[in-house]
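Heads up: the sequence shown begins at 99 in our numbering, then just goes up one per residue.
The beta carbon of each residue, even a glycine, is placed where N, CA and C say it ideally should be.
Predicted model, so just to flag it, every value in this text is computed and none were measured.
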Amino acid sequence: MGFVKGAWKVLVAIKDGLVLLAMLMFFGLILAALSWRPNPAAVTDGALLVKLDGVIVEEPENIDPFATVLGGRAPLKQYRERDLIRAIDTASTDDRIKMIVLDLASFMGGGQVSLEQVGEAIGRAKAKGKPVLSFATFYSDAAYMLAAHGSEIWVDPMGGAAFTGPGGSRLYYKDALDRFKVTAHVYRVGTFKSAVEPYLRSDQSPEAEQALLAVYRPIWDNWQATVRKARPQADIAGLIADPAGAVTAANGDLVKIATDRKIVDKVGDRTAFGKRVAKLAGADEDEGPGAFKHTNLKDWVAANPAKTGGDEVQVVTIAGTIVDGEAGPGTAGGDRIEKLLHDGLQRDNVKALVVRVDSPGGSAFASEQIRRAIEEYRARKIPVIISMGNVAASGGYWVATAGDAIFAEPSTITGSIGIFAVLPSFERALAEYGVRADGVATTPLSGQPDLLGGFNSTVDTFIQGTIEHDYRRFLALVGKARGMSVDEVDNIAQGRVWDGGTARQIKLVDRFGSIDDAIAEAAKRAKLGKDSYSVKYLETEPDPFEQFVSGMFAPAEEEKQASGLVARLAWQQRAALGQVLGDLNVLGGAEGVQAWCLECSGALPPRHVARADASWLRALFKG
99 MGFVKGAWKV LVAIKDGLVL LAMLMFFGLI LAALSWRPNP AAVTDGALLV KLDGVIVEEP
159 ENIDPFATVL GGRAPLKQYR ERDLIRAIDT ASTDDRIKMI VLDLASFMGG GQVSLEQVGE
219 AIGRAKAKGK PVLSFATFYS DAAYMLAAHG SEIWVDPMGG AAFTGPGGSR LYYKDALDRF
279 KVTAHVYRVG TFKSAVEPYL RSDQSPEAEQ ALLAVYRPIW DNWQATVRKA RPQADIAGLI
339 ADPAGAVTAA NGDLVKIATD RKIVDKVGDR TAFGKRVAKL AGADEDEGPG AFKHTNLKDW
399 VAANPAKTGG DEVQVVTIAG TIVDGEAGPG TAGGDRIEKL LHDGLQRDNV KALVVRVDSP
459 GGSAFASEQI RRAIEEYRAR KIPVIISMGN VAASGGYWVA TAGDAIFAEP STITGSIGIF
519 AVLPSFERAL AEYGVRADGV ATTPLSGQPD LLGGFNSTVD TFIQGTIEHD YRRFLALVGK
579 ARGMSVDEVD NIAQGRVWDG GTARQIKLVD RFGSIDDAIA EAAKRAKLGK DSYSVKYLET
639 EPDPFEQFVS GMFAPAEEEK QASGLVARLA WQQRAALGQV LGDLNVLGGA EGVQAWCLEC
699 SGALPPRHVA RADASWLRAL FKG
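Okay, structure coming up:
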């Protein structure tokens, strides 16, 4: 009887705790509802403060607020590339904005194409007479690519600069799989389809090394050329070539290196930087030393909405991994994208479509689902232009075959025309403990693929045959779209990745140009006048519940992103855990046949680090 009473008390305590938590969340939601939306009226004369404490992305993903609570760490903020560009461009011609301030102390990067586009906007603002001042504790490749376009670069006395270039290591699991007696059944087509190598090898193949170096080298050359053009006085070559020698010569003083080589202009803490800005934009006397009058980025974006109405050039975004189902934004769920396109096609004023692709691919099924939905526009004689961002590879290129023309940038990573599937089996691991599988079969495929008893030769032949068929289909789609024979496509396919410059030479891309160039081309083909149309982005509205809850818990942590060199490196190591989880997910085979350029994922900014699963808590509050 005492046990029952004790158990009852525990259950009551749990119930009371959940009620209390629900009440706290309810009132928190009310507070968030009053404060989370940007205020278009909060525009004041002074500086436009562009505080980038996160990453630049093509399409921000939905943030799981419950995982934030359970994981004890807020996700990185995600800043939409086009919002940044519009904010900077509109600020450059507005008399209320005296200057632009880039706060890059907690900036964690972005894809190179995104950085180039935002950097060009900064350069346009400077050319129109707007001072652009930047501040950071430490300048990495990404932060410096933006700061170099500005007027004045400040660094904290405890900071510095270092440039690493693209590249890095991947994990290879063959020895671990052998040790634990797990068999990875890999089905692929393509000499260069190195996405599956981690399950077959203990190191990188010569073909993978050749392909990646051929991509990374021109992209790194583009970075250096962009920085030299934007800031010719900066001596970056010596620091890039011999960073150890530079540090030794400066006795480890990274700030001295940065100032001596004119990589930065001024050394000062945030207060000193703020006082400099206050001289140009006006001091905010109510906020204390170093405070200056300014308008926040989100308020400025809200105060300068894009044009609407009239004939439409629609834009749909394929961002992140392409997956089956409703996933997204930030992930391209096939069902979700198909519905967006279907609904967009029902609008009477649609005249053209631009497909913005920033994806390393993913599910072959979902890629084909999206491609067919795009083809519905062409079936109605509506022009379709593809605009490639940082990455448009594998399934991302599959989608691109539906366009009338393809725009890319020299730093775009594309190609990777090939597919694969990976499935594990555990018969060797079970046999180690004396467990064996046996049974009866009525056909050669009965019970196959058998993850516990092992695969037979029939299922191996069956799956490999479907992979080869889908690869030939992929080649045929590319050939038809690009006016090439299947053999010609096969010569440049085989899963190999290409930089945008080379892709244009081998006819995978038609022209260089930004998304604005693609929109202008779509309007031209639709015979629309220059100022006679609006751009309609086909997007999934964010979940208000998730936004509210995220707003309750995230702000206290958002100010604590890595800022110094060591802290930044530590954060990158935590983010690398996401690679392990992704690789294991592929090994699980749950995603089916993949048109995925796994090696291209490094060209996109890490959106978050691994965190706790909170599906149970989300279900509790959402029913």
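How many angstroms separate the CA atom of A652 from the CA atom of K175?
With a pLDDT of 48 at A652, under the threshold of 50, the modelled position of this residue cannot be trusted, and the question is left open.
What are the boundary residues of the alpha helix (DSSP H) that R315 is part of?
304-328
CA-to-CA distance, A430 to A282, given in whole angstroms:
27 Å
For a quick check, are the C-beta atoms of S485 and V452 less than 7 Å apart?
yes
Spatial distance of Q603 from V448 (CA atoms)
Taking the Cα positions, Q603 is about 33 Å away from V448.
Which class does A624 belong to by DSSP, given the choice of helix, strand or coil?
Of the three classes helix, strand and coil, the one that applies to A624 here is coil, per DSSP.
Is the region 255-262 touching the region 215-225 in the sense that three or more CB pairs, one from each, lie closer than 8 Å?
Segments in contact, no.
Where G426 sits in the DSSP three-state scheme
Here G426 sits in coil by DSSP.
Taking the straight line between their C-alpha atoms, what separation do you get for F560 and M206?
45 Å
Sequence-distant residues of the same chain with beta carbon closer than 6 Å to Y237, five excluded per side:
A259
If you follow the beta strand (DSSP E) that G144 is in, where does it begin and where does it stop?
Its beta strand (DSSP E) spans residues 144-149.
Exposed or buried, S630, counting other C-beta atoms within 10 Å across all chains shown (16 or more means buried)?
exposed
Through-space distance from A332 to R326, alpha-carbon basis
7 Å
Whose CA, out of D456, Q308, V399, lies closest to the CA of T419?
Among D456, Q308, V399, the Cα nearest to that of T419 is on D456.
Going by beta carbon distance, what residues of the same chain come within less than 6 Å of V411, once the five residues before and after it are set aside?
A450, I617, A620, A621, Y631, V633
Whole-angstrom C-beta distance between A500 and E473, which should lie under 8 Å:
About 5 Å; that satisfies the 8 Å criterion.
Within the continuous beta strand (DSSP E) that includes D239, where are the two ends?
Run containing D239: none in the beta strand (DSSP E); it sits in the alpha helix (DSSP H), 239-245.
So A145 and A379 are supposed to be a Cβ contact under 8 Å. How far apart are they, rounded?
4 Å
Does the separation of the CB atoms of A98 and C698 fall below 7 Å?
This structure cannot speak to residue 98, because the chain is shown only from 99 to 721.
For F505, three-class secondary structure by DSSP
strand
How long is the line joining the alpha carbons of A370 and L352, rounded to whole angstroms?
19 Å
Skipping 5 residues on each side, what residues in its chain have a beta carbon closer than 7 Å to that of L132?
Since pLDDT at L132 reaches only 47, below the 50 mark, its modelled position is unreliable, and the value read off the structure follows with that caveat. Cβ within range, chain order: n/a, list empty.
Classify A717: buried if its beta carbon has 16 or more other beta carbons within 10 angstroms, exposed otherwise.
Reliability of the predicted coordinates at A717 is poor, the pLDDT of 43 falling under 50, and no value is obtained from them.
Test item: CB-CB of F463 and D433 under 7 Å:
no
Do A274 and A234 have their CB atoms nearer than 7 Å?
no
Quick test of the definition: if touching needs 3 or more C-beta pairs under 8 Å, does the region 537-544 touch the region 553-571?
The region 537-544, when compared against the region 553-571, does touch it at the 8 Å Cβ threshold.
Sort I613, V211, D143 by Cα distance to V482 and report the nearest one.
I613
Euclidean distance between Cα positions of V294 and A348
44 Å
Here's the rule: buried if 16 or more other CB atoms are within 10 angstroms of the residue's CB, otherwise exposed. What is Q444?
exposed
Count the other CB atoms, across all protein chains shown, that sit within 10 Å of the CB of E157; report buried if there are 16 or more and exposed otherwise.
Under this definition E157 is a buried residue.
How long is the line joining the alpha carbons of A477 and D502, rounded to whole angstroms?
12 Å
Between the C-alpha atoms of K391 and S249, what's the straight-line distance to the nearest angstrom?
If I take the Cα positions, the gap works out to 19 Å.
Apart from the five residues just before and just after S713, which ones in its own chain have a Cβ nearer than 6 Å to its Cβ?
Any reading at S713 must be qualified, since the residue scores a pLDDT of 43, below 50, and its modelled position is unreliable; the value itself is stated next. For S713, where only same-chain residues beyond five positions count, there are no Cβ hits under 6 Å.
Could you tell me which whole alpha helix (DSSP H) segments of length 4 or greater appear in the region 553-580?
The qualifying runs are 555-580.
In whole angstroms, give me the CA-to-CA distance for I220 and L213.
10 Å
Length of the line joining the Cα atoms of D585 and P458:
24 Å
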